[in-house]
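Heads up, the thing below is written out as structure tokens.
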Amino acid sequence: MTAASPAVFLVDDDAAVRDSLSLLLSLRGYRVRAFAGARELLAEVQPDWAGCLLLDLKMPGMGGLELQAELTARGVALPVVIVTAHGDVASARAAFRAGAADFIEKPIDDQALVAAIARALERDAQGRAAAAERAEIQERLARLTSRERQVLDLVASGRHNREVATQLEISPRTVEVYKARLMEKLRVRRLPDLVRLVLRARGGPGSG
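Its first residue numbered 1474, the sequence shown is counted upward by one per residue in my numbering.
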């Protein structure tokens, strides 16, 4: 398994639970890496890991919520599914506020767990695809000259050619030339596509 291969990273201090959940998920076709505690996971975790985390809420030393916070601080953005035998509203609220994808109480319903894992993995895949798209767009934007970027920002904000020309103190015809050049560099043919590309680069509406 490479670091970037999607996997379920399971952290639970109960060996029997680790074994049963690993078997369940493996039989459903998921890659699983099991850890006996937060320390073991933190010793190996990498920012480029893909997949999701399946964390026990109550563990010796660092519990699931604390581990979730530490991973976030380290820039590990994997979706988290919290599993617990001590579920309560406060813990669930804290988990969701911290960005958990799901919160499941023991005894675990196999179907509910598998469904939660599937949602978390899909969430991670979508997030990585969006991040890759934004990075690719940023590479295209980096090819623009400073003047082309100025024209792009004004056009994307809804300014007409004459308004752009006035603000930049150039002719409307020159604005058209810059627009043609930047659209070629950005590989878009229509103005709506240009606006959508800028929104995706910013991660705003139209980025999904």
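Glycine included, C-beta positions come from ideal geometry on N, C-alpha and C.
Residue i, DSSP secondary structure in three states
i       : result
THR1618 : coil
LEU1528 : strand
LEU1483 : strand
ILE1555 : strand
ALA1605 : helix
ALA1507 : strand
MET1656 : helix
ILE1643 : coil
GLY1537 : helix
VAL1549 : coil
ARG1501 : coil
ASP1582 : coil
PRO1520 : coil
Own chain, CB closer than 8 Å to residue i, minus 5 neighbours either side, in chain order
i       : result
PRO1678 : Confidence is the limiting factor: at PRO1678 the pLDDT is only 47, short of 50, which leaves the residue's position unreliable, though a coordinate-based value still follows. So the qualifying residues of the chain are LEU1672.
ALA1563 : none
THR1557 : ASP1529, LEU1530, LYS1531, GLY1537, SER1564, PHE1576, ILE1577, GLU1578, LYS1579
GLU1539 : ALA1511
ALA1589 : VAL1554, ALA1574, ASP1575, ILE1577
THR1647 : ALA1638
Selection from the options that minimises the alpha carbon distance to residue i
i       : options                            : result
ALA1674 : ALA1615, ARG1632, GLU1595          : ALA1615
VAL1554 : ASP1597, ALA1546, ALA1516, GLY1534 : ASP1597
PHE1508 : PHE1482, ARG1501, TRP1522          : PHE1482
GLY1631 : ARG1646, ILE1610, LEU1664, LEU1496 : LEU1664
GLU1513 : GLU1612, VAL1484, GLU1657, ALA1629 : VAL1484
VAL1505 : ALA1602, ALA1523, HIS1559          : ALA1523
ASP1583 : PRO1520, ALA1480, ARG1501, GLY1548 : ARG1501
ALA1516 : ALA1489, LEU1544, SER1493          : LEU1544
Closer than 9 Å to chain D by CB, residue i
i       : result
GLU1543 : Given the protein chain composition of this structure (a single chain), no chain D is represented.
Beta-bridge partners of residue i, as assigned by DSSP
i       : result
ILE1468 : Any property of residue 1468 remains undetermined from this structure, which presents the chain solely from 1474 to 1681.
Cβ shell of residue i (< 7 Å), same chain only, five flanking positions each side left out
i       : result
LYS1652 : VAL1624, VAL1628
ARG1419 : Nothing in the structure corresponds to residue 1419, since the chain is present only between 1474 and 1681.
Same chain, Cβ closer than 6 Å to residue i, five either side skipped, listed in chain order
i       : result
GLN1541 : VAL1553, ALA1571
ALA1480 : ARG1504, ARG1506, GLY1524
ASP1487 : none
Proximity test, residue i beta-carbon vs the ligand FAD heavy atom, cut-off 8 Å
i       : result
SER1493 : The model on display carries no ligand, and the ligand FAD is accordingly not part of it.
Indicate whether the contact test is met: 3 or more Cβ pairs, each with one atom in the segment 1628-1642 and one in the segment 1600-1617, closer than 8 Å. no
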